[in-house]
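K.L.:
Below: one structure in C-alpha cells.
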Amino acid sequence: MWYAGVVLMGLAVGVLVGLMGIGGGVVLVPAMVYLLAMDQHMAQGTSLFLQLPPLGLGALLVYWRKKNVDLWAGVMCALGFLFGGYFGSKIAIQMNSRDLQGAFGIFILVAATLLWFKSRPEPGEKKSGA
Amino acid sequence: MLDRRVKLSLILVVACGVGVAAGLFGVGGGVLLVPLLVLLFGYEQHLAQGTSLVALVPPVGILAFLNYSHAGQVSWKVGLLIMPGVFLGGLVGSRLAQALSPRRMRRVFALFLVVLGIWQITSAWLIK
C-alpha cells in the first residue's frame, strides 16, 4: 500500500511537471513532509536526488515539437542552477529544520505570487484575443 | 529590444539567483524561473515552460544534492519510487498543456501553492 501510494504521488506530481514546465520539487517537498512524515531537510535532499535523471525529458520533447523552447536561454539557466544550487544547499544544511520549513513556506508564497501576476493577460495577448 | 547576448547574460544572472533558492529549498527552480522569464524577459508562456524544462534536463541539482547527501539527508528508497511516476506524468501533463490555455490552471496552481505555503509556515513556527 505504502509503495503504491508513493508511486502514485510521483505520477500526480509528474502531471504538474509537464503542465507547468517545472521540476516538481515545490510540490514534492511538502508532499513528503506531510504525507510521508519526513523531516524538512530529508525531503529536500530526496527531492534533489530524484530530479537527477532527466525526468522532464519526455515533457520537453512535446514542447520541442511545438517549437516552444529557447535552447540557449535554457543552457544559461542550467548553468545558473548548477552553481547557485551549490551555495543555496550550503546555507540550508546549516539551518535548523523548523526554520527551513517556515522559509520554504515563504518561498512558495513568493512563487505563487509571481505565478498569479504572470497570469494576467499580456498586452499582445489582449489584441490577438479580440 | 535587448541584444540577444545581453539578454542571455541577464538570464544567466537571474538563473544563478534562482539556483540559490533551488539549492536552499531542494527544488528544481522551474517554479521561479517560468514566471521570471515571462515577467522580466517577455517570454510567451509556453516558450517559458519549454525553456525551463531544458534547464532541468542536465543534472543541475547535482552539487546541491551532493551537499545534502554528505549531510545524510537523502531517502534513496522514496526517491527511486517517485522517479518513474514523475517521468510518465510529465508526458501526460505536457500534452494537456499544449491543448489548454494555461491561465486558469496557473491560477489554480498558484492558490494551491498559497495553501501549501501557509500550511508550512504555520506548522513550522506557530504550532508548538
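Residue numbers (the numbering used here), protein chains in the order written: chain V, 882 to 1011; chain A, 6 to 133. Cβ atoms here follow ideal geometry from the backbone N, Cα and C, with glycine treated the same way. Here the structure is a predicted model, which is why all the values come from computation and not from measurement.
Where does the unbroken alpha helix (DSSP H) through Thr-56 of chain A begin, and where does it stop?
P.N.:
Position 51 of the second sequence, counted from the first residue, corresponds to residue 56 of chain A. First-last of the alpha helix (DSSP H) with Thr-56 of chain A: 50-60.
K.L.:
For Leu-952 of chain V and Gly-965 of chain V, I'd like the C-alpha separation in whole angstroms.
P.N.:
Position 71 of the first sequence, counted from the start, is the residue given in the question as residue 952 of chain V. Position 84 of the first sequence, counted from the start, is the residue given in the question as residue 965 of chain V. If you take the alpha carbons of Leu-952 of chain V and Gly-965 of chain V, they lie about 20 Å apart.
K.L.:
Under a three-way DSSP split, which group does Leu-936 of chain V fall into?
P.N.:
The residue you call residue 936 of chain V lines up with position 55 of the first sequence. Three-state result, Leu-936 of chain V: coil.
K.L.:
How many angstroms separate the CA atom of Ala-912 of chain V from the CA atom of Gly-886 of chain V?
P.N.:
The residue you call residue 912 of chain V lines up with position 31 of the first sequence. The residue you call residue 886 of chain V lines up with position 5 of the first sequence. Answer to the nearest angstrom: the Cα atoms are 11 Å apart.
K.L.:
Compare the C-alpha of Tyr-892 of chain V against each of A:Ser-128, A:Gln-103, A:Gly-98, A:Ile-123 and name the closest.
P.N.:
Position 11 of the first sequence, counted from the start, is the residue given in the question as residue 892 of chain V. Just to set this straight, residue 892 of chain V is Leu in the shown sequence, not Tyr. Closest option to Leu-892 of chain V, Cα to Cα, is A:Gly-98.
K.L.:
Is Leu-995 of chain V near the ligand COA, judged by its Cβ being under 7 Å from some heavy atom?
P.N.:
This structure simply doesn't include the ligand COA, nor any ligand for that matter.
K.L.:
Please report whether the beta-carbon of Gly-895 of chain V lies at a distance below 8 Å from any beta-carbon of chain A.
P.N.:
Here residue 895 of chain V is taken as the residue at index 14 of the first sequence, counted from 1. At least one chain A Cβ lies under 8 Å of Gly-895 of chain V.
K.L.:
Rounding to the nearest angstrom, what Cα-Cα distance links Ser-57 of chain A and Val-36 of chain A in this structure?
P.N.:
As a working mapping, residue 57 of chain A is identified with position 52 in the second sequence. As a working mapping, residue 36 of chain A is identified with position 31 in the second sequence. Roughly 9 Å separates the two Cα atoms.
K.L.:
Just curious, the alpha helix (DSSP H) that Val-914 of chain V is in, first and last residue?
P.N.:
For the purposes of this step, residue 914 of chain V is taken as the residue at position 33 of the first sequence. Taken as a continuous stretch (DSSP letters only), the alpha helix (DSSP H) holding Val-914 of chain V covers 906-916.
K.L.:
Is the shortest distance between the beta-carbon of Leu-900 of chain V and the beta-carbons of chain A less than 8 Å?
P.N.:
Mapped onto the first sequence, residue 900 of chain V falls at position 19. Taking Cβ atoms only, chain A reaches closer than 8 Å to Leu-900 of chain V, which makes this a yes.
K.L.:
Nearest to Phe-968 of chain V by CA position, among A:Gly-33, A:Leu-13, A:Phe-117, A:Leu-68, is which residue?
P.N.:
Mapped onto the first sequence, residue 968 of chain V falls at position 87. For the residues A:Gly-33, A:Leu-13, A:Phe-117, A:Leu-68, the minimum Cα distance to Phe-968 of chain V belongs to A:Leu-68.
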